[in-house]
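Residue numbers (the working numbering), protein chains in the order written: chain E, 1 to 292; chain H, 1001 to 1155.
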């Protein structure tokens, strides 16, 4: 398959990249890992006049940790996230999402920024990042803004990014004590799979063996965007964790999901699997609290 | 407009003028005539086009040639040395890990990237490392055995 023709730009600083994007606006597409963009261009789904590669912006390929917050540069690859000690020690569910994405060959290319900005409903990184309450830092020529990741993805393939804006970093606060999270992906095979359903759960207890004080459950591939499960989160708050409670939360989450029938699976099956994955990721989250 | 790039392929440096819409895969196959790197699906699903770029296995069909500027690439043609074929290549032959051969260059490069990083991987680590390389002939078992064989023979 031949790629459509385009003009190629390779800015060497973030400031320069913002200048280029400010000038080209909608006529340009940003190139990070290329695992989505290049495929869509080969299939002639899109044919941008300009492609702006972020490949030289090494400053966006770092995981930094300071004052209880970690910052992940948008160009950090899924493989780098999966192998990062900061991630595996403090944000295990994110590490699981990253190590489930595509295949080793794809994980060495695909970036966290691309996985968020391509806004695919079944993507592996939005659910765990949303479960940890991540924020995205967006840059443009005029300055910078930061918004909750919950508000970033607005539709299938659609984000809150305006013309000339670049997703630069992802910021996550370290969870309070007695917190844990889990991520599970259901597919028909282990590699190169698009999730049938994926779920990430996060809980915080007030003390070991105490009650749940905060909960976030995010469900992927069962709606146009990764969805929060508000009814499930609500019934968890103020309760002591138990198998029975997690079962009820699973049922509530299934009710919160909005799956469709497609060739990967029926809506009914997906709803049932939301229930199972919610229950299991909550159990994984609780097990993580127990290890502290 | 063509862009000037410099890259190293199999320890040889090339300076080339390339169109931005040329992929690294097509550069290797059609400009450098290194046809050992195979074109399968051409959209990142099959792994036939695997090369090692700066030490990491990647799908060369998803990379623009201009993005490979300044990078170091290893293809299957670079595996043989004056001493003969690479031990992984030898093990694939000895263990019958090749049938039609289309996935083999990619398989061998994924195996090399794994063994360079982790000389004694578990079976599961081997299976994960080659999980992006599809083989429709062998059922993978003999490929896994070949990689295990190389691992056992290395000190």
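Even glycine gets a Cβ: it sits at the ideal position worked out from N, Cα and C.
Task: Length-filtered (3 minimum) beta strand (DSSP E) runs lying within the region 103-158 of chain E - done: 135-140, 143-148, 153-155
TODO: Quick one: residues in its chain with C-beta nearer than 7 Å to the C-beta of residue 50 of chain E, no 5 flanking neighbours on either side, listed in chain order?
DONE: 6, 7, 9, 24, 27, 28
Task: Close-in-space but distant-in-sequence residues of the same chain around residue 60 of chain E (CB under 8 Å, 5 per side omitted) - done: 14, 54, 73, 74, 75, 76, 113, 168, 169
TODO: Use the C-beta contact count for residue 1095 of chain H: other C-beta atoms within 10 angstroms, 16 or more gives buried, fewer gives exposed.
DONE: buried
- [ ] Identify the contact partners of residue 1043 of chain H in chain E, using a Cβ-Cβ distance below 9 Å as the criterion.
- [x] 1, 38, 39, 42, 43
Task: residue 1057 of chain H, enclosing beta strand (DSSP E) - first and last residue - done: 1056-1059
Task: Chain-ordered residues of the region 1050-1076 of chain H with a beta carbon less than 9 Å from chain E - done: 1050, 1053, 1056, 1057, 1058, 1059, 1061, 1062, 1063, 1064, 1066, 1067, 1069
Task: Local conformation of residue 1130 of chain H per DSSP, three classes - done: coil
Open item on the list: Using only the alpha-carbon positions, how far apart do residue 1140 of chain H and residue 1150 of chain H sit?
Closed with: 16 Å
Open item on the list: Using a Cβ-Cβ cutoff of 8 Å, what residues of the region 1-27 of chain E are near chain H? List them in chain order.
Closed with: 1, 2, 3, 4, 5, 6, 7, 8, 10
Task: Reduced DSSP secondary structure (H/G/I, E/B, other) of residue 198 of chain E - done: strand
Open item on the list: Does residue 1071 of chain H come out as helix, strand or coil in the three-state DSSP assignment?
Closed with: coil
Open item on the list: Below 7 Å on C-beta distance, what does residue 95 of chain E contact in chain H?
Closed with: Neighbours of residue 95 of chain E on chain H: none; closest Cβ ~14 Å, over 7 Å.
TODO: Pick out whichever of E:214, E:270, E:180, E:138 has its Cα sitting closest to the Cα of residue 291 of chain E.
DONE: E:180
Task: Cβ shell of residue 1054 of chain H (< 8 Å), same chain only, five flanking positions each side left out - done: 1071, 1072
Open item on the list: At the 8 Å Cβ level, is residue 109 of chain E part of the contact set with chain H, yes or no?
Closed with: yes
- [ ] Using a Cβ cut-off of 8 Å, pull out every chain E residue sitting near residue 950 of chain H, in sequence order please.
- [x] Since the displayed chain H opens at 1001 and closes at 1155, residue 950 of chain H lies outside it and no answer follows.
Open item on the list: Taking 7 Å as the limit between beta carbons, can you name the residues of its chain near residue 275 of chain E, skipping five residues before and five after?
Closed with: 250, 251, 253, 254
Task: Enclosing beta strand (DSSP E) for residue 171 of chain E [first to last residue] - done: 166-173
- [ ] Identify the continuous alpha helix (DSSP H) that holds residue 1018 of chain H and give its terminal residues.
- [x] Where residue 1018 of chain H is concerned, there is no enclosing alpha helix (DSSP H), although the beta strand (DSSP E) it sits in stretches over 1012-1018.
Task: Where residue 8 of chain E sits in the DSSP three-state scheme - done: strand
Open item on the list: Tell me which residue opens and which closes the alpha helix (DSSP H) that residue 189 of chain E is part of.
Closed with: Element bounds for residue 189 of chain E: n/a, residue is neither H nor E.
Task: Neighbour list for residue 191 of chain E in chain H, Cβ cutoff strictly below 7 Å - done: 1131, 1132
Open item on the list: Is there a Cβ of chain E sitting closer than 8 Å to that of residue 1021 of chain H, yes or no?
Closed with: yes
- [ ] Within 10 angstroms of the Cβ of residue 66 of chain E, are there 16 or more other Cβ atoms? Answer buried if so, exposed if not.
- [x] exposed
Open item on the list: Quick check: is the beta carbon of residue 35 of chain E nearer than 8 Å to any beta carbon in chain A?
Closed with: Of the chains in the structure shown, none is chain A; the protein chains are E and H.
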